[in-house]
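Asks: Below is one structure. I have some questions about it.
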Amino acid sequence: MPNPQFLFDRLDALGLAHRTVEHTPVFTVEQAKEHRGVLPGHHIKNLFLRNKKEAMWLVVALEDRAIDLRRLGEVLGAGRLSFGSPERLRRHLGVEPGSVTPFAVINDPEHQVTLVLDRGLAEGGPVNAHPLVNTMTTAISFADLARFFESTGHRPQWLDFPL
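In structure tokens:
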């Protein structure tokens, strides 16, 4: 079961500043916009994708970016992409559908999931993401989020969206 406190403890141990607010469960970008209130910084969408060869990607983009899966597959050299099943999501990233988050790479010690980030995330204020559950949002500076990724051994691939 996803454990936000495990994540918070890891962030604290790394000396990474973060702030978390609780809210009603949200499953889509539209619901998040409705229930999050005023949270400064970047808001994101997260796509857990796979291809026919069983390779997997976690794509993190600014929430209003259009993402063409066919074009994304071409750019990544992945071929045809589809959404990973809930079972695959639980097994590889340890989160439930609706709670997909860049923080979930903490649950991928074998680096089976490739992290893909929108270059727009590096510009401006903090990044707001679920801390492994969709009843909270955690704000963290992009520099600290990058240090978190480094601590997990996940080196992101950067893309310019929209593709």
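Residue numbers for the sequence shown, in the numbering used here: 999 to 1161. Using N, Cα and C, we set each Cβ at its ideal position, and we do this for glycine too.
1) Between the segment 1098-1106 and the segment 1135-1154, do at least 3 Cβ pairs fall closer than 8 angstroms?
2) Which residue wins for smallest C-alpha separation from E1094, given the options T1018, D1010, P1023 and N1126?
3) Since D1116 and L1060 should fall inside the 8 angstroms C-beta cutoff, what is the C-beta to C-beta distance between them, to a whole number of angstroms?
4) Does DSSP put N1126 in a helix, a strand or coil?
5) How far does the beta strand (DSSP E) with D1116 in it reach, from first residue to last?
6) Among G1122, E1085, H1109 and R1068, which has the Cα closest to the Cα of L1161?
7) Which residue's Cα is closest to the Cα of K1051: R1088, G1122, G1075 and H1021?
8) Anyone know if the C-beta pair for I1042 and V1058 falls short of 8 angstroms?
9) By alpha-carbon positions, which one of G1039, T1112 and E1032 ends up nearest to L1119?
10) Exposed or buried, F1025, counting other C-beta atoms within 10 Å across all chains shown (16 or more means buried)?
11) Can you pull the DSSP bridge partners for L1047?
12) Pick out whichever of L1012, L1037, E1072 and L1087 has its Cα sitting closest to the Cα of N1044.
13) How far does the alpha helix (DSSP H) with R1145 in it extend, from its first residue to its last?
14) Of all the options G1122, N1126, A1011 and A1015, which has the alpha carbon lying nearest to the alpha carbon of A1137?
15) Please report how far the alpha carbon of Q1029 lies from the alpha carbon of H1109, in whole angstroms.
Replies: For this structure:
1) At 8 angstroms Cβ cutoff, the stretches touch.
2) P1023
3) 5 angstroms
4) It is a strand residue.
5) That run of the beta strand (DSSP E) goes V1111 to D1116.
6) Comparing Cα positions, the closest option is R1068.
7) G1075
8) yes
9) G1039
10) exposed
11) W1055 and F1081
12) Each of L1012, L1037, E1072 and L1087 was checked against the Cα of N1044, and the nearest Cα belongs to L1087.
13) F1140 to T1150
14) When each option's Cα is compared against that of A1137, the closest is N1126.
15) Distance between the alpha carbons of Q1029 and H1109: 30 angstroms.
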